[in-house]
Every structure is written in structure tokens, then in C-alpha cells.
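Under UniProt numbering, think of the first position of the sequence shown as 1, with each following residue one higher. We put the beta carbon where it would ideally sit given N, CA and C, even for glycine.
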Amino acid sequence: MTIGAILQISSYSVPQMIVGRVVGGIGNGLNTATAPVWQTETSQVKWRGKLVIIELITNIAGFSLSNWINYGFSYAGGAIAWRFPLAFQLVFIMILFATVPWLPESPRWLIAHEYEDEAFSILADLESKDSNDPYVLQQHKEIVFTVQYERENAPRWLDLLRGKTGDKGGTCTIRRLVLGAGTQFMQQFSGINVTLLISSVGLSERLARLLTACNSISYLLFSLIGIPYVESGGRRKLLMFAATGQAFSYLMITILIGLNERPDFAAKRQVAEASIFFFMLYYIFFGIGFQGVPWLYPTEINSLAMRTKGAAIGTATNWMCNFIVVEITPIGIQSLGWQFYIIWVVFNAAFVPTVYLFYPETADRTLEDLDAYYRESPPLLVFRDKDVTSSKRPAKYVEAEQEEIRRASGVDPSSFRRQSRISSQDGEYGNRRMSHASTLAGSSGCNGGTAEKNCGDGTDKV
């Protein structure tokens, strides 16, 4: 991002600016794909959703700041009007340079790469417990099991492109990837970048910039509502609530702009002002639900081995859809007029049943809970299963975790650590892994007692 910013600031030709944008975009893409994953893997369950939402609220704060900078410098003449706004991004890049080295590594990544002692230490710090605490030992054991399980079953990029998931364990890899990327598709095709073109309702460019900057303030303030509700209400309810509000806002925008385009309609300015209100109302609903959850969901729904790939696919989906919407919007407004906005009414209305029917709740679940759920080969439609749609953690996972803690509390910690290490030469791991799988399977209604689970076709083995 630093190199891209410098290339943009120093641009004296369009090709140099394009190169700078591409280089900066690559850096930003890596950042937006990695940060939510790291945030998810280093958060306590009760804080995971809130912290990712807060992370995205800082994104809105940056959006608001950039709008006011652009508005202020629109009065300046010469190159400073565009060079300074581009240069200002270096302030935040320097903050990243100064703070990232002090951040802890993800304990799941450390265990996957066999840094066991450091993983124990970070797990204990994240939970504010001693490294020998039964809860820390149990968390470590679950992560070890999941890492080994995914290591044996995770597909490569080439396999995914060929449609081969290598999903021998029945963890529904493709379904989870589609669900995660689907939230990013919904974010962009909810019409967020259509609303940026406020000038399309007949206002001057300078007034449109001022209103956009003012709107960014209300957008920022109302997005704070999502912080407590993302956990108490859950991801599903937040998305459905936001999509309903967005559909209503676009419906009113469509009606008002349709009236404004009628040559015999007299109250054009009043209608334009009313449509601006509903543009701003749309932003309020978007900030509450669709700003943060689509970045959070892919990092939760995908398995450990696919979490980074899933976040990358989700991020790529977001930016590709962003590009499509931004490209078609001016053409659509020019060609279709008010009827263009009907498209976004339909999309937002369709997202409500889509989330209701297909999207499992991820609030108040550990990442290992979600892996255990998908090893049960669940049905595609989730709305009938109260455990899957509830914002509260299902009792079967709570009971399994408590049982593991009780077992861990009776084991010598040093012995437990040695036995939990992933080692391709240690034949004991298979027995430990099978025992843990039996606990999870038994708690979920599958046949316990052995490593075989009989939830689907009876052939899956853990």
C-alpha cells in the first residue's frame, strides 16, 4: 500500500496513476482478506462479532474522513486538491507499520505450524487464564483436533478450481465457501455504491458532495447499533433486518425519482429532497447490518484450513461485484432512469428469504463448533433447525465442552501438552483424535463410542 500510495501521489500521467492504484489495491486486498481472519481467530467467542464490527466501523470513520477531506479540497485549486487526499492515507499506513509487530499471532496458525508453546501462551493471554487452566487445555485440544482433521481433508486451490474438494470427512467445503462469498455478493448488490451517486437526483456536484459528507456522519453513528446486536440478535437477524430496511428505502427512492422524472410534475425539488432522505435512511440500515457482517461471516463459516482461502474468495467477490456495480450504475441511470432502482429493490427483498432459508447462525459458536456441525452433513435448508438458527450456543456443544474441561482438569498439564502435539510419527494422536470425535459425535446425536459417525451415509470417518 505504501508503494501504491507514493506512485499515486507523485503521478504525472494516467498510466502511472493506474499502476499506483493497482499496486495499492493488491496491498489493500491482502489487508482486507487477512485482518478479519486474524480478528476472528484471536477473539473470545463473546467478543468475536463485536470486534469485527468495530473494525468495520473504523472503515466507515475513514470513509467519512475522506469525504470531508475531498469536500474541503474541492475548493482548492491545482494539484493539491487531489495530491493531498491521496497522501493522507500514508498516515494510517504508518500506524499499521508501528502497531502490527506488537500484535499476537493467531494461536490456530501457530498450532497448525507446530509452535505449540507459543500457542499455549497466547491462548492463555487471550482468555486471561493460566496456561495450565483446564479451559485453556481444552481449547488447545479442540484446535489440535481441528487442525489435524482439516490437514487431512483440506483441498488445494487447484482442486477447488477443478471442483474436487477432497472433502472426505464431509465438512461441506464448497457450501461453506459459497455461503461466505454470498454475504459479500449481497453487500455489493444491495446497492451501496449506487447511493454514492446522489447527484443523479438532480443536485449540483458540490451540493451532492456536501450531502454525501453529511450522510457519512449519520452512517457512522448508526453503525454503532450493530456492535451489541451482532451478538445478542445474531448475524441472521441483523442481515434480514438490514435487507428489509434497505428494500423499503430503495422502494421509496424508486417512487420519488419516478415522480421527479415526470415532465408534468411540479414539486420536483421537494421530491428530490425526500429522495435524499431515503438515500440516507438506506445508509443507516446498511451500516447496522450489511457493513460488518459480510466481512465477519466468511471468517466464521469456513473451516480452519479454508478460512484464509474463504476470506480471500469473499474479498475477491466483494471487489469484483463492487467493480460491476460501479460500472453499470451510470449506464443504468442514463438508460433506464428511475426504473434502474427497481433492480436494487428486488435484490434487497430477495436477500431476506435467502438468509432465512440457507444461512446458519454463527453467533456464540466457537470456530470448532461450526466444524463439528458441518461434519454432521447437515441439510441445505437450515430454517427448520432451531439449534442452527438460534443466536445462543446449542446445548450439545456446551455439554461436550464441559465434559472436555472436566477431563482436562484431571490430567497433568505437562503430560496433556505432550499428548496434544501434532506429530506425524506419533501413533497415539489417531486414538486421541478418534476419542475427541466420539465426544463431539455423541453430543450431536451421531453414533458415539467409535470414530465412525452415522449422520449421513454412514461411511464418513473422523
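Under the three-state reduction of DSSP, Asn193 is assigned to coil, being neither helix nor strand. For Arg156, no alpha helix (DSSP H) run applies, since DSSP gives it neither H nor E. Between Glu361 and Arg236, the gap from beta carbon to beta carbon is short of 7 Å. Counting along the chain, no alpha helix (DSSP H) covers Pro378, and no H or E run does either.
For Phe222, the enclosing alpha helix (DSSP H) stretches over residues Glu205 to Ser223. With at least 16 other beta carbons inside 10 angstroms of its own, Pro155 counts as buried.
A buried status is given to Arg48, since no fewer than 16 other beta-carbon atoms sit within 10 Å of its beta-carbon.
Distance from the CA of Ser66 to the CA of Ala400, rounded to the nearest whole angstrom, comes to 48 Å.
The three-state reading of DSSP puts Gly182 in helix, counting H, G and I together. DSSP places Glu105 outside any alpha helix (DSSP H), giving it a letter other than H or E. In the structure shown, Lys129 falls within a coil segment according to DSSP collapsed to helix, strand and coil.
DSSP, reduced to helix, strand and coil, places Phe88 outside both helices and strands of the structure shown, so it counts as coil. DSSP places Arg21 within a helical segment (H, G or I) once states are collapsed to three.
Distance from the CA atom of Glu118 to the CA atom of Asp130, rounded to whole angstroms, is 13 Å. The C-beta separation of Ser190 from Phe347 comes to about 6 Å, placing the pair in contact by the 8 Å criterion. By a beta-carbon distance limit of 8 Å, Val345 contacts Ala247. Their separation comes to about 6 Å. In this chain, the alpha helix (DSSP H) harbouring Thr389 covers Lys386 to Thr389. Taking all protein chains in view, the Cβ of Gly25 is surrounded by fewer than 16 other Cβ atoms within 10 Å, so the residue is classified as exposed. Here Gly289 is not near Ala350, since their CB atoms are 7 Å or more apart. One alpha carbon belongs to His140, the other to Phe120, and they sit about 7 Å apart. The beta carbon of Leu380 sits closer than 8 Å to those of Arg175 and Phe358, all from its chain and outside the five residues before and after it, given in chain order.
Secondary structure at Ser11: coil, using DSSP grouped into helix, strand and coil. Boundaries of the alpha helix (DSSP H) around Pro228: Gly226 to Ser232.
Per the coordinates, the alpha-carbon of Arg375 lies some 52 Å from the alpha-carbon of Phe84. Judged by beta-carbon spacing, Ser391 lies beyond the 7 Å limit of Gln291, meaning their Cβ atoms are not closer than that value. Sequence-distant partners of Gly29 (beyond 5 residues in either direction) whose C-beta falls short of 8 Å from its own C-beta, in its chain, are Thr315, Ala316 and Trp319. Here Phe383 has Tyr356, Leu357 and Thr389 as same chain residues with Cβ atoms under 7 Å from its own Cβ, once five neighbours each way along the sequence are excluded. Contact between Asn322 and Gln188 holds: their C-beta atoms lie close to 5 Å from each other, under 8 Å. In this structure Gln39 touches Val52 by the C-beta definition: roughly 5 Å separates them, less than 8 Å. By the criterion of a C-beta distance shorter than 6 Å, Leu90 is surrounded in its chain by Ala5, once the five residues flanking it on both sides are discounted. Ranked by Cα distance from Arg21, the options Asn31, Pro36, Met1 and Val37 are led by Met1. Exposed is the label assigned to Glu114, since fewer than 16 other Cβ atoms lie within 10 Å of its Cβ. By the criterion of a C-beta distance shorter than 8 Å, Val326 is surrounded in its chain by Asn193, once the five residues flanking it on both sides are discounted.
The alpha-carbon of Ile3 is positioned some 7 Å away from that of Val23. In the DSSP assignment, Arg262 falls outside any alpha helix (DSSP H) and carries neither an H nor an E. In the three-state reduction of the DSSP assignment, Gly77 falls in the coil class, being assigned neither a helical nor a strand state.
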